[in-house]
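Engineer: Read in order, the letters of the sequence shown correspond to residues 0 to 204 in numbering that gives the first Met the number 0. First the structure, then my questions, so here it is.
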Amino acid sequence: MITVFHAAGSRSVRIIWLLEELGLDYELEVIKRGEINEAFLEASPFTKLPTIKDDDIVMSESVAIVQYILQKYGEGRLEPDHDSKEYAEYLQWLNFGESVLIDPIVSILINKVFRPEEHRHEYSIQSAEKSFEKIIKTLNSIMEGRTYIMGDDFTAADIINGYTLRLANNLQLLSGEPGTENVVNYFKTMESRYAYQKAISDTKS
Numbered sequence: 000m001i002t003v004f005h006a007a008g009s010r011s012v013r014i015i016w017l018l019e020e021l022g023l024d025y026e027l028e029v030i031k032r033g034e035i036n037e038a039f040l041e042a043s044p045f046t047k048l049p050t051i052k053d054d055d056i057v058m059s060e061s062v063a064i065v066q067y068i069l070q071k072y073g074e075g076r077l078e079p080d081h082d083s084k085e086y087a088e089y090l091q092w093l094n095f096g097e098s099v100l101i102d103p104i105v106s107i108l109i110n111k112v113f114r115p116e117e118h119r120h121e122y123s124i125q126s127a128e129k130s131f132e133k134i135i136k137t138l139n140s141i142m143e144g145r146t147y148i149m150g151d152d153f154t155a156a157d158i159i160n161g162y163t164l165r166l167a168n169n170l171q172l173l174s175g176e177p178g179t180e181n182v183v184n185y186f187k188t189m190e191s192r193y194a195y196q197k198a199i200s201d202t203k204s
């Protein structure tokens, strides 16, 4: 059985969501912020989340973990056939949510939430907000006519991007401005999924 090391609000929500979508059993090892237990330190010397343990295999990095779980347990679910032309696009979107999309969100999060007001960089906030707006409006155009990021089929790429959009929504960056409606509706579709709701409620994230 897979053990998922998890802290509230961390990227490990992605892994729990994926496991719920696949209907796989797992064990949750909850790590409190600021506390590191011996089992977690042994599994993750860098003390980064998410980290999983699957028998003698230990892994970190959410996108890599998603690929591992799908390869070992997915049975072809939640991703296109590896020999199809859609697989290349899927890999792009799988990484998009943890690269292009999340970069400005992290900058805003650090400056608006984690830094004391007197140490916030207003220029960095404004620059990140402009960058996010441009990314979201471009994504909005791409999402025209699509239910999910790959079209009609839900994939693991939606899990990666859905979590990232959740961070944006928590920062009130998805307020429904003109030119963002498709992305907002897409996120609402993600929120309505049972596996998403269970991952969020069970982990109190």
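Cβ coordinates follow ideal geometry from the N, Cα and C atoms, glycine included.
Spell out the partners DSSP gives G150 in its beta bridges.
Structural biologist: Y147
Engineer: Considering only residues of the segment 103 to 136, which uninterrupted beta strand (DSSP E) runs meet the minimum length of 3 residues and lie entirely inside it, listed in chain order?
Structural biologist: none
Engineer: Taking the alpha carbon of E128 as the reference point, which residue from P103, G150, P115 and N139 has its own alpha carbon closest?
Structural biologist: P103
Engineer: How should I135 be labelled, buried or exposed, when 16 other C-beta atoms within 10 angstroms of its C-beta is the threshold for buried?
Structural biologist: buried
Engineer: Check for me: the alpha helix (DSSP H) holding I14 runs from which residue to which?
Structural biologist: S11 to L21
Engineer: Taking the straight line between their C-alpha atoms, what separation do you get for T2 and L108?
Structural biologist: 28 Å
Engineer: Please classify M0: does DSSP put it in a helix, a strand, or coil?
Structural biologist: Assigned with DSSP and collapsed to three states, M0 falls in coil, not helix or strand.
Engineer: Buried or exposed for R145, please, with buried defined as at least 16 other CB atoms from any protein chain shown within 10 angstroms of its CB.
Structural biologist: Exposed, since its Cβ has fewer than 16 Cβ neighbours within 10 Å.
Engineer: Check whether the Cβ atoms of N181 and M149 lie closer than 8 Å to each other.
Structural biologist: no
Engineer: In angstroms, rounded to a whole number, what distance separates the CA positions of R119 and K71?
Structural biologist: Approximately 44 Å, taken between the alpha carbons.
Engineer: Mind listing, in chain order, the continuous alpha helix (DSSP H) runs of no fewer than 4 residues lying wholly within the segment 28 to 101?
Structural biologist: 37 to 42, 61 to 72 and 85 to 95
Engineer: Whole angstroms is fine: what's the gap from R114's alpha carbon to I124's?
Structural biologist: 12 Å
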